[in-house]
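What the sequence shown shows, in our numbering, is residues 89 to 265, in sequence order. Where is the CB? At the ideal position from N, CA and C, for every residue including glycine. Keep in mind it's a predicted model, so treat the numbers as computed, not measured.
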Amino acid sequence: MRMILAAALAFAPQFALAAGSDDTEPPKPTETTMECAKGEVWDDKTKTCIKAEGAGLTDDQRFGAVRELAYAGRPDEALAVLATMTEGETPRVLTYQGFLLRQTGRVEEGIAAYERAIALDKGNILARSYYGQLLVQMDERDLAQLQLAAIRMHGGGGTWAERALSDAIETGVTYTY
89 MRMILAAALA FAPQFALAAG SDDTEPPKPT ETTMECAKGE VWDDKTKTCI KAEGAGLTDD
149 QRFGAVRELA YAGRPDEALA VLATMTEGET PRVLTYQGFL LRQTGRVEEG IAAYERAIAL
209 DKGNILARSY YGQLLVQMDE RDLAQLQLAA IRMHGGGGTW AERALSDAIE TGVTYTY
């Protein structure tokens with residue numbers, strides 16, 4: 089794994105921050121977490137809870153529900169909603185998939201998701217931060233340092249992603265929401 093990480097960092101082009109890659113504001117609770125049943129998402133158009141796979145929802149609405157459920161400490165439900173997204177394995181889907189898998193104890197699957205997210209977007213600083221935090225949890229701080237260096241190389245200095253990983257490396261405490 090170390091060789092793969094080192095190679096990925098050595099050949100990674102320097103991209104600007106990916107859009108939405110450092111979204112650190114906690115989502116405001118909505119009816120999705122306050123009223124809707126498991127597997128349902130609040131639909132502003134109809135003002136009702138609908139099945140997450142419902143045709144009336146966009147992937148952006150589903151993604152918002154995923155973040156909200158993750159922040160509410162409901163990772164299994166968030167994974168279920170994430171699975172209904174139609175955009176496929178995009179960097180944002182894979183980043184959150186990795187995070188949620190990590191939260192449910194499926195570490196190897198989480199690592200694979202983070203690595204796929206980073207392979208698709210070398211400048212995905214959020215995936216790198218979460219991946220680095222997982223490496224800290226695994227007592228692999230040297231590998232976490234590589235992710236921190238990559239965050240900085242891709243213009244992520246001063247962002248939440250950089251601060252969170254830097255703090256995790258220093259203290260051993262990682263974000264779980």
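If you draw a straight line from the alpha carbon of Pro117 to that of Lys210, how long is it in whole angstroms? Taking the first residue of the sequence shown as position 1, residue 117 is located at position 29. Taking the first residue of the sequence shown as position 1, residue 210 is located at position 122. Note on geometry: alpha-carbon atoms of Pro117 and Lys210 lie some 31 angstroms from one another.
When you compare only the Cα positions, how much space is there between Phe151 and Lys126? On the sequence shown, residue 151 is found 63 positions in, with the first residue counted as 1. On the sequence shown, residue 126 is found 38 positions in, with the first residue counted as 1. Rounded to whole angstroms, Phe151 to Lys126 spans 16 angstroms at the Cα level.
What are the start and end residues of the alpha helix (DSSP H) that includes Thr134? Along the sequence shown, one-based indexing puts residue 134 at 46. No alpha helix (DSSP H) holds Thr134; DSSP gives it neither H nor E.
Could you tell me the distance, in whole angstroms, from the CA atom of Tyr202 to the CA atom of Asp132? On the sequence shown, position 114 is the one that residue 202 refers to. On the sequence shown, position 44 is the one that residue 132 refers to. When rounded, the distance between both Cα atoms is 31 angstroms.
Ala166 beta carbon less than 8 angstroms from that of Leu188: Translated into positions along the sequence shown, residue 188 becomes position 100. Translated into positions along the sequence shown, residue 166 becomes position 78. Leu188 places its beta carbon less than 8 angstroms from that of Ala166.
Determine the DSSP secondary structure at Val261, reduced to helix, strand or coil. Here residue 261 is taken as the residue at index 173 of the sequence shown, counted from 1. Note: Val261 maps to coil in three-state DSSP.
Please return the same chain residues whose Cβ sits closer than 6 angstroms to the Cβ of Lys135, not counting the five positions on each side in sequence. Translated into the one-based positions of the sequence shown, residue 135 becomes position 47. Closer than 6 angstroms at the Cβ level, and outside the excluded window around Lys135, lies no residue.
With a threshold of 8 angstroms, are at least 3 pairs of Cβ atoms found where one atom belongs to the region 174-188 and the other to the region 245-260? No: the two stretches stay apart, fewer than three of their Cβ pairs being nearer than 8 angstroms.
Straight-line gap, Ala215 to Ile206 (C-alpha atoms, nearest Å): Here the question's residue 215 lines up with position 127 in the sequence shown. Here the question's residue 206 lines up with position 118 in the sequence shown. C-alpha separation (whole angstroms): 7 angstroms.
Using CA atoms only, rank isn't needed, just tell me which of Asn212, Gly243, Gly144, Arg180 is closest to Arg155. Stepping through the sequence shown from its first residue, residue 155 is reached at position 67. Selection Asn212, Gly243, Gly144, Arg180 evaluated against Arg155 yields Arg180 as nearest (Cα-Cα).
Give the single residue among Thr192, Glu250, Gly246 whose Cα lies nearest to the Cα of Tyr218. Translated into positions along the sequence shown, residue 218 becomes position 130. Comparing Cα-Cα distances from Tyr218 to each of Thr192, Glu250, Gly246, the minimum goes to Glu250.
Whose C-beta lies closer than 6 angstroms to the C-beta of Arg204 among residues of the same chain, with five residues either side of it excluded? To locate residue 204, count along the sequence shown from 1; it is residue 116. Taken in chain order, the residues that qualify are Leu182.
State the DSSP-derived secondary structure class of Glu250, mapped to helix, strand or coil. What you label residue 250 is simply residue 162 of the sequence shown in a count that begins at 1. DSSP places Glu250 in helix when its eight states are reduced to three.
Using only CA atoms, which one of Thr120, Ala171, Leu236 lies nearest to Ile138? Translated into the one-based positions of the sequence shown, residue 138 becomes position 50. When only C-alpha atoms are compared, the closest one is Thr120.
Could you check if Pro114 is buried or exposed, using at least 16 other CB atoms within 10 Å of its CB as the buried criterion? Residue numbering aside, residue 114 sits at position 26 when the sequence shown is read from its first letter. Within a 10 Å sphere around the beta-carbon of Pro114 sit fewer than 16 other beta-carbons, which makes this residue exposed.
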